[in-house]
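Numbering (the working numbering), first residue to last: -5 to 340. C-beta: ideal position from N, C-alpha, C; glycine also. This report concerns only the one structure given below.
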Amino acid sequence: MSETEPTTNAYADQPDWEALARHLAEESTAEESAAVAAWLAAHPDDARAFQVLAAAGDGLRRARPSVDVEAALARVQRRLPEPQRPVVPLSPRIAPRPLLAWTLAAAAVVVIAVGVARLRNDPVTPVVQTLATAVGQVDSVRLADGTRVVLGPASEMEFDAVQAGGRREVRLRGSAFFDVTHDAARPFTVRAGDARITDVGTAFTVRADEADGVEVSVSEGAVRVRREGSDGAELRAGDFATLPPTGALVVQRAGASASDSAWTSGRLVFRESPIGRVRSDLRRWYGVELVVADSSLASRHLTAAFDRESRRQVIDVIALALGATYSVHGDTVTLRPASLSIRPRK
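This is the structure in structure tokens:
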């Protein structure tokens, strides 16, 4: 190694895009900045590209991210027949997670990766980003193509920030509302488990749970729902479909209701919901693990609506509606059938 060559090359031939993004955003540690400087010194062509992009990165840090929560929720609410309230996390223990830092970091990674690739004349490698919400939290983001997504509590969405080959696709675990910017040449697809939901110019809600399967409720336009390897069915505005973990797709024409997307306005609604559905929603909204201690309760269904009530209030109502009593140990709530008999004192 000559004396003029750098002594440190932390990234070899492939840079650490996130480290470069933090360096561009002036958020690197001293050690990381030194590593970035060493890598740039060893790769003069990329260093020139990085300098060209630095000015754009400086503007990016000062710009507001393309996230419009209010507009996204307004579109949802206009499609519902009843007035809705703004999104408020149901659990007072959970503070909203700011999207600003996440959006800037994601955008910086994309600016650098795409800019360097173009200046090198290299193919663009997809940059996978993840947006996740905490228990009791509803969040919103606008994707690069203009599509707005409202993400439900304890949910996660993965997507390619660099849409190589014109593909528009996200991977979802949990609940999300999609207001899709339609492009017939580049269909938008949601992957949830082994289900594929493809827009035909639409707005729709998807709920994906390993135990319950996938539910799709269409509020505008149309989507095609299918299991991997099958043709599936087309749903239009007002239709509702379920795709269980095993078994065939079940379509309910005109079966959608306002309760399917009530969660976007902070309301938790159960409509003849089985215990399994109640269990998974309580886990996402309140961090509660519901245990049913008697088989007689397992077949019961719940119809109830909650709007920012406390965890204790929600459990009280559920127990009363199901004819049960409950005990609490930490975050675990155990339901037992309520006894109506009165035993005489001994």
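### Task
Work out the CA separation of Q123 and S321 for me, nearest whole Å.
40 Å
### Task
Measure the beta-carbon distance from R218 to E228 and round it to whole angstroms, keeping in mind my assumption that it falls under 8 Å.
5 Å
### Task
Find out if the Cβ-Cβ distance for the pair G195, A216 is shorter than 8 Å.
Yes, these two residues count as a Cβ contact at 8 Å.
### Task
Count the C-beta pairs between the region 271 to 278 and the region 242 to 253 that are closer than 8 Å, then say yes if the count reaches three, no if not.
no
### Task
Using only alpha-carbon positions, find the residue among L262, G281, S333 that is nearest to V311.
L262
### Task
State the Cα-Cα distance for the pair F182 and A287, rounded to the nearest angstrom.
Distance between the alpha carbons of F182 and A287: 43 Å.
### Task
For L54, name the three-state secondary structure that DSSP assigns.
Low confidence applies to L54: its pLDDT is 43, below 50, so where it sits in the model is not reliable enough to give any reading.
### Query
Ordered along the chain, which non-local residues of its own chain (more than five positions away) have a Cβ less than 6 Å from that of A126?
A distance below 6 Å between beta-carbons, with the five flanking residues on each side excluded, links A126 to the following residues of its chain, in chain order: E150.
### C-alpha gap between D325 and E283, whole angstroms
6 Å
### Query
Does the beta-carbon of R162 have 16 or more other beta-carbons within 10 angstroms, so that it is buried, or is it exposed?
buried
### Task
Rounded to whole angstroms, what's the CA-CA distance from D254 to S333? Just pull it up for me.
34 Å
#### Entry: Exposed unless 16 or more other CB atoms sit within 10 angstroms - verdict on P147
By the neighbour-count criterion, in which a residue is buried when 16 or more other Cβ atoms sit within 10 angstroms of its Cβ, P147 is buried.
### Query
For S169, which residues from the same chain have a beta carbon less than 6 Å from its beta carbon, with the 5 sequence-adjacent residues on both sides left out?
Here the set comprises G146, S149, R201.
### Query
With C-beta atoms as the reference, is L237 less than 8 Å away from V208?
In this structure, L237 places its C-beta atom within 8 Å of the C-beta atom of V208.
### Message
So, under 8 Å CB-CB, A197 and E214 are touching, yes? Tell me the CB distance rounded to an integer number of Å.
### Response
The pair is a contact, with the Cβ atoms about 4 Å apart (cut-off 8 Å).
### Query
From R330 to E25, what distance separates their C-alpha atoms?
Between the C-alpha atoms of R330 and E25 there is a straight-line separation of about 57 Å.
### Message
For G207, report the span of its beta strand (DSSP E) as first-last.
### Response
207 to 214
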